[in-house]
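Structure first, commentary second.
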Ligand SMILES: [Mg+2]
Ligand SMILES: [Zn+2]
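Numbering (our numbering), first residue to last: 1010 to 1194.
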């Protein structure tokens, strides 16, 4: 059940204010795992923007597959200010996103490409990316969490009203399973 190119493109979305997004899914609210990208799915080597620089964290794919099997939404929320700062292009960001979407069952990738100086409220610790997700997916917030490697990720989760879990390596599968267990899932 490989995704078509159109399905891949519709999963890569700007989470910034003013973006009009088509609904991604409807129905009964589901638990949702919000995952930061750099430092959670792949090693954060600083402004990763080339596929050859992607080094996945341990059990990253297994963690996402496990969540999907259990009926969770898996939503990536990633600050990508390297685009806004001119260090790499939006197309380079999208190419990495496509690479990931072809290899792991992520539902949607929300990004903020703004330079911090733009003060975009989508940039974590802002919550607009999370709110953007909520508008296009039926999310059960009482059964959701965010995994990030920085304090700003945790702050975004808390401001949105879900637990934020700080991950700093080791099996992402074990980490996510513990986060699910804390919610009784
Ligand atoms: Mg990170
Ligand atoms: Zn933004």
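For glycine and all other residues, C-beta sits at the position ideal for the given N, C-alpha and C.
{"Item": "Expected contact under 8 Å - CB spacing of residue 1039 and residue 1147 to nearest Å", "Value": "6 Å"}
{"Item": "Host alpha helix (DSSP H) of residue 1108 (start-end)", "Value": "1099-1112"}
{"Item": "Residue 1152 beta carbon less than 8 Å from that of residue 1192", "Value": "yes"}
{"Item": "Exposure label - residue 1007; buried when at least 16 CB within 10 Å", "Value": "Here the chain has residues from 1010 to 1194 only, and residue 1007 is not among them."}
{"Item": "Contacts around residue 1177, its chain only, beta-carbon distance under 7 Å, and the 5 residues preceding and following it disregarded", "Value": "1158"}
{"Item": "Residues near residue 1081 by beta carbon distance below 7 Å, same chain, minus five either side", "Value": "1039, 1040, 1041, 1042"}
{"Item": "Inter-residue spacing [alpha-carbon to alpha-carbon] between residue 1188 and residue 1060", "Value": "29 Å"}
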